[in-house]
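J.:
Protein chains in written order, with the working numbering: chain S, 26 to 307; chain A, 840 to 1155.
1) Secondary structure at residue 913(A), three-state DSSP: helix, strand or coil?
2) If we call anything under 8 Å between Cβ atoms a contact, is residue 1021(A) one with residue 997(A)?
3) At a Cβ threshold of 8 Å, is residue 234(S) touching chain A?
4) Can you name the start and end residues of the beta strand (DSSP E) that residue 180(S) belongs to?
5) Rounding to the nearest angstrom, what Cα-Cα distance links residue 913(A) and residue 994(A) in this structure?
6) In the DSSP assignment, the alpha helix (DSSP H) including residue 220(S) goes from what residue to what residue?
7) What residue from 846(A), 845(A), 844(A) and 900(A) has the CA that sits closest to residue 867(A)'s CA?
8) Mapping the DSSP letters down to three states, classify residue 1114(A) as helix, strand or coil.
9) Tell me which same chain residues have a C-beta within less than 8 Å of the C-beta of residue 1027(A), skipping the five on either side of it?
10) Please list, in chain order, the residues of the segment 132-153 of chain S that have any C-beta partner in chain A closer than 9 Å.
11) Take residue 1005(A) and list the residues in its own chain whose beta-carbon comes closer than 6 Å to its own, dropping the five residues that flank it on each side.
12) Could you check what DSSP says for residue 946(A) in three-state terms: helix, strand or coil?
13) Would residue 92(S) be called buried (16 or more neighbouring beta carbons within 10 Å of its own) or exposed?
14) What ranges does the beta strand (DSSP E) occupy inside the segment 1023-1054 of chain A, keeping only unbroken runs of at least 3 residues that lie completely in it?
15) Taking DSSP as the reference, what is the three-state secondary structure of residue 268(S)?
16) What separation, rounded to the nearest whole angstrom, lies between the Cα atoms of residue 87(S) and residue 906(A)?
17) What residues from chain S crowd round residue 912(A), counting only those whose CB sits closer than 7 Å?
18) If we ignore side chains and look at the alpha-carbon of each, how far apart do residue 949(A) and residue 1090(A) end up?
19) Cα-Cα, which of 276(S), 288(S), 290(S) and 175(S) is closest to residue 301(S)?
20) Rounded to a whole number of angstroms, what is the C-alpha to C-alpha distance between residue 1010(A) and residue 175(S)?
21) Looking at the structure shown, is residue 1076(A) part of a helix, part of a strand, or coil, going by DSSP?
22) Grouping DSSP H, G and I as helix and E and B as strand, with all else coil, what is residue 1067(A)?
23) Quick check on this structure: which residue in 1138(A), 1079(A), 1134(A) and 1097(A) has the alpha carbon closest to the alpha carbon of residue 1109(A)?
24) Which of the three DSSP states, helix, strand or coil, is assigned to residue 226(S)?
25) CA-CA distance, residue 251(S) and residue 850(A)?
26) Does the CB of residue 998(A) have a neighbour CB from chain S at under 8 Å?
27) Using a Cβ-Cβ distance cut-off of 8 Å, determine whether residue 191(S) contacts chain A.
28) Less than 7 Å separating the Cβ of residue 50(S) from some heavy atom of the ligand ZN?
29) Please list, in chain order, the chain S residues whose beta carbon lies closer than 7 Å to that of residue 928(A).
30) Which residues mark the beginning and the end of the alpha helix (DSSP H) in which residue 46(S) is found?
31) Just checking my contact of residue 114(S) with residue 48(S) at CB under 8 Å: how many whole Å lie between their CB atoms?
32) Note down the Cα distance separating residue 33(S) from residue 890(A), rounded to an integer number of angstroms.
33) Could you tell me whether the Cβ of residue 161(S) comes closer than 8 Å to any Cβ of chain A?
34) Reducing DSSP to helix, strand and coil, say where residue 895(A) ends up.
35) Would you report the Cα separation of residue 71(S) and residue 53(S), rounded to the nearest angstrom?
36) For residue 1042(A), which residues in chain S fall below 7 Å Cβ to Cβ?
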């Protein structure tokens, strides 16, 4: 799949699914090599990130600072391996850089860094910033007469942080129709299940109560992801939140739905097993 | 309080509105305090460029960050204690670390919110802000100086923390001073002791210097509005020329201007140092700013005493 970055066209569902698994494999290779990173939440968001970067977003890897580009804020910044893999496959920097992740002289930081990595639109890592910063960008874009869309990817555990809701109120007040937030709802966080650590339900009602346009989808179904983004773009006076039901660790059988894989690197045997499982889907 | 001078918040509110007319990139945000911080002057003049985010300082910072990413020059207004404490993570991660062009107008700083008491006092903010890499920390003394700083801060590329009092002091600068980030202002020269101060204490330092002069003690007074970056050359010149340094600030003696000056002097030209400030304690609610400052070690006589102590140590 090395040549995907050369193409500018949009892909069909089969290709997008394969690409999502390629990003999973890339991410896990990076995490294995570095013995650090977050496989669970990278895997749950693989189809979402693939659809955004290879279908939905209006971006140009040859011109990362292009003023009219769509913006992406990885609010759940710990899925950095996935983002880096997507940026490399898209052509923002060489694929080989992925294998230097975390080295002292590498531009790829533990969490995304706007000042170091081409294609990263905002530094993130401490959870909670995506909606409020995204809303600021949206308000500014509208004031400047620009038509770009701001995307932000949230974790579900992240929505336990108050600033998410501060941002949601604000995005609603200022009618940020150009903000599309996607919630990677895998129900697993570092310490266990979200519904046990700090229950979030009724989540749809919560976002509705904050006057957001709410769309619920299967976050591993690329057609549903693309359809939801297209529907969100039709709404001009409300921010959209796409609640994407996902599986933590999706794609590797022994990682699925297990909190221990939130932030753990595989050992050699686990890496080989995962490689085999993911390889079959590419 | 006597009439004839503006409170710092009013001086800033007016200056920001005035500057807003010439720089259309400036947007102003507040967290439900615009009628206190007086960012409402700007809001009334430029409603399309004013954003009230409600009582949510972390969100205030993040929204401004987003606007800065798009090329605006956001100026956020909030109570100092809230923006420097509740929103510190946002400032650290999204402003300082990400080096976004956000200007923080931190109002009601020091003890100036005397009526609301220690919950609302802000006496550790300078220490906090000056530890953030890339953050510029400015503490102005009076109305004309505030007016001078507004365009300088707006045109500086990078984050700035601008510390403002709710209240004010009599005039320090008879005409608008020329201010520059990283530069201090020598307000008077004397060979016996060097007083280094900033903000609302500047006026009190000049009064103390006058009293000391009457006793035959010659005092240098340095106003150091640029606490970061610090004018280390001017500090070291003062240490060399006077041999004794006194820092004076409406802030804890820990980590603020006193800490910054002590770091420089002890490393490069050790001389006796005294620090006038709040002595690592919370203050109390008070009837007016002046008596509260007097009660917590910031009186003119406290400055006079510290100067004599520093001179005494020099002579030992």
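Note that beta-carbon positions come from the ideal geometry of N, C-alpha and C, so glycine has one too.
T.: Quick answer:
1) The answer is strand: DSSP assigns residue 913(A) an E or B state.
2) Not in contact: residue 1021(A) and residue 997(A) (Cβ atoms no closer than 8 Å).
3) Any Cβ of chain A closer than 8 Å to the Cβ of residue 234(S) would place that residue at the interface, and such an atom is absent.
4) Run containing residue 180(S): 175-180, per the beta strand (DSSP E) assignment.
5) Their backbone Cα atoms lie some 12 Å apart in a straight line.
6) Where residue 220(S) is concerned, the enclosing alpha helix (DSSP H) stretches over 219-222.
7) Closest in C-alpha terms to residue 867(A), from the list 846(A), 845(A), 844(A) and 900(A), comes 900(A).
8) The three-state reading of DSSP puts residue 1114(A) in strand, counting E and B together.
9) If the five residues before and after residue 1027(A) are omitted, its C-beta is found closer than 8 Å to the C-beta atoms of 1045, 1048, 1058, 1059 and 1060, all from its own chain and listed in chain order.
10) 138, 139, 140, 146, 147, 148, 149, 150, 151 and 153: these are the residues of the segment 132-153 of chain S whose beta carbon lies less than 9 Å from some beta carbon of chain A, given in chain order.
11) Excluding its 5 nearest sequence neighbours in each direction, residue 1005(A) has C-beta neighbours in its own chain below 6 Å: 848, 947, 951 and 952, listed in chain order.
12) Correct three-state label for residue 946(A): strand.
13) With fewer than 16 Cβ atoms within 10 Å of its Cβ, residue 92(S) is classed as exposed.
14) Listed in chain order, the complete beta strand (DSSP E) runs (minimum 3 residues) inside the segment 1023-1054 of chain A are 1024-1027 and 1032-1036.
15) Strand at residue 268(S).
16) When rounded, the separation of the alpha-carbon atoms in residue 87(S) and residue 906(A) is 24 Å.
17) In chain order: nothing, as chain S lies at least about 11 Å away.
18) Rounded to the nearest angstrom, the two C-alpha atoms are 6 Å apart.
19) The residue with the shortest Cα to Cα distance from residue 301(S) is 276(S).
20) Straight through space, the alpha carbons of residue 175(S) and residue 1010(A) are spaced by roughly 48 Å.
21) Here residue 1076(A) sits in helix by DSSP.
22) In this structure, residue 1067(A) counts as strand in the three-state DSSP scheme.
23) Answer by Cα proximity: 1079(A).
24) DSSP places residue 226(S) in coil when its eight states are reduced to three.
25) Going by the C-alpha atoms only, they are around 52 Å apart.
26) Interface criterion not met: the Cβ of residue 998(A) is under 8 Å from no Cβ in chain S.
27) Taking Cβ atoms only, chain A reaches closer than 8 Å to residue 191(S), which makes this a yes.
28) Inclusion of the ligand ZN in the displayed structure is not the case, the ligand content being empty and no account of it being possible.
29) Per Cβ cutoff of 7 Å: 151.
30) DSSP places residue 46(S) in the uninterrupted alpha helix (DSSP H) bounded by 38-59.
31) Right, the Cβ-Cβ distance comes to about 7 Å (below 8 Å), so this counts as a contact.
32) A caution first: residue 33(S) carries a pLDDT of 47, below 50, which makes its placement in the model unreliable, though a value can still be read off. C-alpha of residue 33(S) to C-alpha of residue 890(A): approximately 39 Å in a straight line.
33) Chain A contact via Cβ: present.
34) Reduced to three states, the DSSP call for residue 895(A) is coil.
35) Each residue's Cα considered, the two are about 12 Å apart.
36) Under the 7 Å cutoff, chain S gives no residues; its nearest Cβ is about 38 Å from residue 1042(A).
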